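**Q**
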Amino acid sequence: MSKENPKDSDSQGPIINPDDFRSIVLLMEFENLTTKVSIRDGKRYFGTKSEPLKPEDEIRFIEFLEEDTDQGMVIECPPNAGSSGHQVKIMVQSHFRGNTIKQEVIGMITESESLEKTSQRLSIRLTQFDSVAWANLKELFATRQREVLELLQSMRGH
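Our numbering applies: residue 18 is where the sequence shown begins, and numbers increase by one.
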């Protein structure tokens with residue numbers, strides 16, 4: 018009996034591709050330029066003092082904001098990170114399929130919402146940013162969303 022060559026049976030690739038389920042890795046560092054509070058490297062800094070953050074307290078990207086010509090984002094972060102009118106600087110770095118997009122943006126908090134006592138949701142209107150890098154980041158997320166929708170549709174047989 019001859020053994021079947023595993024590569025021959027895999028000529029069309031695996032049935033399930035693990036890359037289809039990989040998420041975009043988004044790392045963020047936050048600095049409130051008004052109060053000098055910053056969140057980076059797993060810690061919250063108050064001037065020269067710092068306290069460690071739990072993993073669930075890290076900054077989380079929620080969505081992009083677009084109103085007319087304004088660009089912005091919504092993030093969740095630990096409480097007391099900022100209030101409406103505060104100016105903030107955010108370092109955004111994304112990694113996906115070997116591509117990295119890194120940029121620093123400056124913006125103003127336009128809305129602040131407390132989420133229980135454990136976090137805060139901030140809407141930020143960007144005032145200084147690299148428009149090409151920002152467009153690339155948005156396109157990365159839009160492309161990934163389309164891929165996920167196509168995958169789900171193909172799994173349902175549409």
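Don't be surprised by glycine CBs; every beta carbon is placed ideally from N, CA and C.
As the structure is a prediction and not an experimental result, all values here were calculated from the model.
1) Residues bridged to His103 by DSSP?
2) Could you pull out every residue in the same chain whose Cβ sits closer than 7 Å to the Cβ of Lys53, ignoring the five residues on either side in sequence?
3) Which residues does DSSP pair with Lys60 in a beta bridge?
4) How long is the line joining the alpha carbons of Lys24 and Ser101, rounded to whole angstroms?
5) Any chance the segment 127-142 sits against the segment 88-102, with 3 or more Cβ pairs inside 8 Å?
6) So, are the CB atoms of Gln145 and Ile118 less than 9 Å apart?
**A** In this structure, then:
1) Paired residues: none, contrary to the question.
2) Gly64
3) Arg57 and Pro69
4) Unreliable placement is indicated for Lys24, whose pLDDT of 47 sits below 50; the coordinate value is still reported in the next sentence. One C-alpha to the other measures close to 59 Å.
5) yes
6) no
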